[in-house]
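Participant: Those protein sequences? They're chains A and B, same order as listed.
Using the numbering used here, the letters of the first sequence correspond one by one to residues 1 to 417.
Using the numbering used here, the letters of the second sequence correspond one by one to residues 418 to 834.
For glycine and all other residues, C-beta sits at the position ideal for the given N, C-alpha and C.
Computed from a prediction, not measured in an experiment: that's the story for all the values here.
The structure's right below; bear with me while I get my questions together.
Number of protein chains: 2
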Amino acid sequence: MRKMRAEIIAVGTELLLGQIANTNAQFLSQKLAEIGVGVYFHTVVGDNTERLLQVIRLASGRSDLVIFTGGLGPTQDDLTKETVAGHVGIGLETNSEAMERIEKFFSQRGIVMTKNNRKQALVLSGSHVFSNDFGMAPGMAIRHDSSTFVLLPGPPSEMYPMVENYVMPYLTDLLPDKQVFHSHVLRFYGIGESALEEKLLDLIEKQDNPTIAPYAKEFEVTLRITARAATVEEGETLILPVEKEILSRVGQYMYGMGENSSLHDVLVSELKKRNETIACAESCTGGAIASLITAVPGSSQVFRGGVVCYTNEVKKQLLEVPDSILQTDGAVSEKTAQLLAEHVREKLGATYGISVTGVAGPDPSEGKPVGLVYVGIAAEGMPTVVKELRLAGRRHAIVGRAAKYALFYALQMQKER
Amino acid sequence: MRKMRAEIIAVGTELLLGQIANTNAQFLSQKLAEIGVGVYFHTVVGDNTERLLQVIRLASGRSDLVIFTGGLGPTQDDLTKETVAGHVGIGLETNSEAMERIEKFFSQRGIVMTKNNRKQALVLSGSHVFSNDFGMAPGMAIRHDSSTFVLLPGPPSEMYPMVENYVMPYLTDLLPDKQVFHSHVLRFYGIGESALEEKLLDLIEKQDNPTIAPYAKEFEVTLRITARAATVEEGETLILPVEKEILSRVGQYMYGMGENSSLHDVLVSELKKRNETIACAESCTGGAIASLITAVPGSSQVFRGGVVCYTNEVKKQLLEVPDSILQTDGAVSEKTAQLLAEHVREKLGATYGISVTGVAGPDPSEGKPVGLVYVGIAAEGMPTVVKELRLAGRRHAIVGRAAKYALFYALQMQKER
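In structure tokens, the structure reads:
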């Protein structure tokens with residue numbers, strides 16, 4: 001049997017007006033790539049029966065799997081399942097589980113249910129139904145001729161978990177050979193995508209199973225190693241030697257594993273494990289480091305607090321950087337970074353103190369160039385380390401990169417402590 | 418002549434793999450909506466001649482305007498203009514201005530130009546060429562039968578300015594009646610989309626020219642009023658009475674105008690104008706307010722700095738909140754918010770001190786519910802104001818909303834001062 005060919009159809013006039021981006025298609029494409037299903041087209045069409053029907057006809061003629069998002073809601077505008085029903089030539093029936101869920105939603109909130117909400121419990125007769133654990137309209141799948149149609153709700157908060165929990169197992173079952181796609185996702189910092197690729201070029205070029213795919217996102221590089229195998233265990237066996245070889249070359253840049261991992265998540269969880277705390281003094285990052293750390297639920301256990309010492313007065317007053325240092329070395333200097341890290345650590349009684357001072361631009365400062373950044377890491381019982389960075393990009397990128405470097409260096413320091 | 422029908426085709430396998438979202442289609446849809454051109458389809462297709470040709474044929478049969486993004490680069494994979502040339506039945510020619518720009522790019526950087534870069538200077542013979550001010554591959558437009566094809570580079574940093582500066586004037590010229598679409602964008606905070614809509618429902622329902630479109634984004638509501646008219650002045654005349662009526666109803670929630678406006682931009686620019694300064698004490702927002710303010714270039718003129726007082730010790734030590742208040746009222750209280758705002762203002766010598774303390778979740782704190790937030794605004798020579806908020810949503814949303822409320826209240830206080 002030939003490889004499965006898929007396409008994704010998003011239904012919604014709000015997409016054609018540019019009110020939202022079609023991130024649903026991106027999410028589904030990632031998920032399908034993970035199980036080796038090739039996506040050949042994305043289409044967006046408005047809430048219009050005639051044009052939707054035109055798109056359905058085209059798709060069913062060229063794709064084995066057609067996934068729809070949107071148009072399952074309660075209003076007149078929502079017509080995806082009605083139009084697919086018309087194309088396939090079957091009717092709609094009420095799904096009792098979905099109906100119960102909808103009735104419960106309204107009764108629990110003490111709101112009278114309007115009649116149009118019943119429409120959400122309708123599914124294609126004889127279809128495989130996917131429960132909506134975070135909303136009202138269920139998803140569904142139906143096979144027709146040689147194609148499989150999958151209909152999913154539009155809101156990402158409903159669609160993403162439905163796909164993860166119900167649709168992916170259903171699709172994996174449809175694959176011609178019952179293969180498993182098993183991945184390891186390695187997260188790197190402090191190395192660019194092209195530098196990483198260069199160090200791994202021979203591995204990437206001869207890749208087959210597992211495959212190795214680097215990609216850059218939010219100033220970081222991620223590497224996905226994917227094996228196809230009969231079982232997860234077999235996939236693991238294929239991945240491990242390749243991963244070991246990769247880490248022998250670029251292991252010093254790896255900070256964590258998993259798609260949803262992040263420098264701040266890893267740092268907070270390591271601090272918790274070791275019963276340590278952290279504090280930060282931020283000049284050019286202006287609160288970005290504190291924001292990242294406090295975005296992690298439960299960070300209050302390990303984060304003491306921070307000072308956004310944007311002006312020299314605050315550096316002097318709250319963090320006791322001597323005026324003489326600010327005058328001779330300057331606010332953007334190794335010495336200032338060192339003192340900021342040490343003083344914020346001592347003042348807030350933390351295990352680690354991290355500091356960032358630099359020139360985020362758009363204009364140079366103290367005669368120092370845009371992109372020059374010093375990161376200081378002070379740790380209890382260890383000599384303070386200051387790193388000098390020359391960062392490229394605009395203000396937003398310099399701040400984002402500098403904040404992540406600070407988290408990365410704190411993790412490195414932690415390993416040495 | 419009937420209304421122009423448009424569609425957008427994005428070319429690139431990276432989109433089908435889900436590595437990026439098709440934000441280009443979103444941007445172009447917004448731009449086309451502004452000039453009253455209806456977009457009926459978005460399509461994404463990979464770097465494959467046969468499938469791209471299939472998409473081009475379909476599009477040229479049903480749309481007056483077909484806009485392509487991507488596939489104009491130097492590599493073998495880039496084949497948009499070659500494929501359109503094949504469909505239209507014309508050749509490619511070197512555009513000398515683009516060629517000069519490409520040669521200059523390499524000579525200035527002292528890099529030897531590889532041969533494939535010359536490919537980027539090729540344009541469809543006889544096409545209207547759009548300069549690429551931020552990259553190498555120019556854009557182009559060509560008319561064929563009843564359709565107009567517009568080819569644009571994929572990178573947003575190149576495509577967006579090309580569209581704003583060259584493509585929009587070109588397209589406006591193509592419109593059957595030489596109308597101008599003139600918009601005012603009003604930015605609101607502190608009111609939800611449905612509440613705003615309700616207050617303006619009669620205006621929205623009877624809208625025709627100008628049209629009124631509310632939309633929600635990043636916890637804010639934006640209202641776009643668009644008039645079509647023969648001239649900008651005439652459009653302005655149509656908009657002003659409607660805008661006046663809108664502001665008489667919800668003016669207290671408006672903080673600024675323009676698509677690219679933001680609470681932090683407006684606040685920084687107002688502070689600059691009035692030669693005032695600001696400082697912040699953040700507990701549950703964890704640095705989000707400082708990050709927003711310092712994201713504005715030139716904010717160092719008005720931002721003194723901030724304290725992320727995540728723990729009670731930091732509230733006591735750096736901002737002198739008495740232990741007795743923390744024990745009796747608690748860290749999340751009106752009194753603590755008041756003292757944090759006043760003390761951070763005094764300590765950092767700012768005109769305004771803003772503070773936020775609350776429960777961001779996921780768990781309640783001090784027996785207080787998730788979403789309870791106090792915002793304090795202290796201003797030189799004025800009594801301190803503390804607002805109590807009950808915010809919905811998860812941790813990320815509570816932090817984002819609370820930070821924006823703080824900026825909004827600071828702007829309100831500024832008006833009264």
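1. Beta-carbon separation of ALA378/A and GLU342/A under 8 Å?
2. Alpha helix (DSSP H) containing SER107/A: first to last residue?
3. Would you verify that the beta carbon of THR440/B is, or is not, closer than 8 Å to some beta carbon of chain A?
4. Return the residues of the stretch 177-204 of chain A that lie within a Cβ-Cβ distance of less than 9 Å from chain B, sorted by chain order.
5. Using a Cβ-Cβ cut-off of 8 Å, state whether GLN19/A counts as contacting chain B.
6. Measuring alpha carbon to alpha carbon, tell me which residue in SER29/A, VAL39/A and ILE20/A is nearest MET4/A.
7. Three-state secondary structure (DSSP) at THR694/B?
8. If you pair each beta-carbon of the stretch 157-167 of chain A with each one of the stretch 123-132 of chain A, do three or more pairs fall below 8 Å?
9. Is it true that the CB of ILE102/A sits closer than 8 Å to the CB of ALA85/A?
10. Using a Cβ-Cβ distance cut-off of 8 Å, determine whether GLU313/A contacts chain B.
11. Can you find at least 3 beta carbon pairs, one from the stretch 241-255 of chain A and one from the stretch 275-287 of chain A, that sit closer than 8 Å?
12. At a CB-CB cut-off below 9 Å, which residues of chain B make contact with PRO362/A?
13. I believe VAL344/A touches LEU319/A by the beta-carbon criterion, under 8 Å. Please report the beta-carbon distance rounded to the nearest angstrom.
14. Assign PRO155/A to one of three DSSP states: helix, strand, or coil.
15. How would you call GLU220/A, buried or exposed, if buried means at least 16 neighbouring beta carbons within 10 angstroms?
16. Measure the beta-carbon distance from ALA827/B to ILE771/B and round it to whole angstroms, keeping in mind my assumption that it falls under 8 Å.
17. Could you run through the stretch 30-46 of chain A and flag, in chain order, every residue whose CB is less than 7 Å away from some CB of chain B?
18. Alpha carbon to alpha carbon, how far is VAL308/A from ALA707/B? Give it in angstroms, no decimals.
19. Closest Cβ-Cβ distance between HIS813/B and chain A: below 8 Å?
20. Along the beta strand (DSSP E) that carries LEU806/B, what are the first and last residues, could you check?
21. Could you tell me the boundaries of the alpha helix (DSSP H) in which GLU193/A lies?
22. Do you know offhand how far GLN414/A's Cα is from PHE188/A's?
23. Taking 8 Å as the threshold (beta carbon to beta carbon), is GLN26/A in contact with chain B?
24. Using 8 Å as the limit for Cβ to Cβ distance, is ALA288/A near chain B?
25. So if DSSP puts ILE437/B in a beta bridge, which residue, or which two residues, is it bridged to?
26. Give a yes or no on whether the minimum CB-CB distance between TYR672/B and chain A is below 8 Å.
27. Could you tell me if GLU660/B is buried or exposed, where buried requires 16 or more neighbouring beta carbons within 10 angstroms of its beta carbon?
28. Look up MET113/A in the DSSP assignment and say whether it is helix, strand or coil.
29. From the DSSP output, read off the bridge partner residues of GLU93/A.
30. Assign ARG479/B to one of three DSSP states: helix, strand, or coil.
31. My output table needs one value for VAL85/A: the three-state DSSP class, helix, strand or coil.
32. When burial is assigned at 16 or more other CB atoms within 10 Å of the CB, is ALA423/B buried or exposed?
33. Name, please, each residue of chain B whose Cβ falls closer than 8 Å to the Cβ of ARG304/A.
34. Identify whether GLU833/B lies in helix, strand or coil by the three-state DSSP scheme.
35. Roughly how many angstroms separate the alpha carbons of THR114/A and GLU635/B, rounded to a whole number?
36. Starting from the C-beta of LEU53/A, find all residues in its chain whose C-beta is less than 8 Å away, skip the five residues before and the five after it, and write them out in chain order.
Facilitator: The structure says:
1. yes
2. 96-109
3. yes
4. none
5. yes
6. VAL39/A
7. coil
8. yes
9. no
10. yes
11. no
12. PRO714 and GLY715
13. 6 Å
14. coil
15. buried
16. 5 Å
17. GLN30, ALA33, VAL39, TYR40, PHE41, HIS42, THR43, VAL44, VAL45 and GLY46
18. 7 Å
19. yes
20. 799-807
21. 193-199
22. 17 Å
23. yes
24. yes
25. None; ILE437/B has no bridge partner.
26. no
27. buried
28. coil
29. VAL123/A
30. helix
31. According to the sequence shown, residue 85/A is Ala rather than Val. Of the three classes helix, strand and coil, the one that applies to ALA85/A here is helix, per DSSP.
32. buried
33. TYR727, THR728, GLU730 and VAL731
34. helix
35. 29 Å
36. THR83, GLY86 and HIS87
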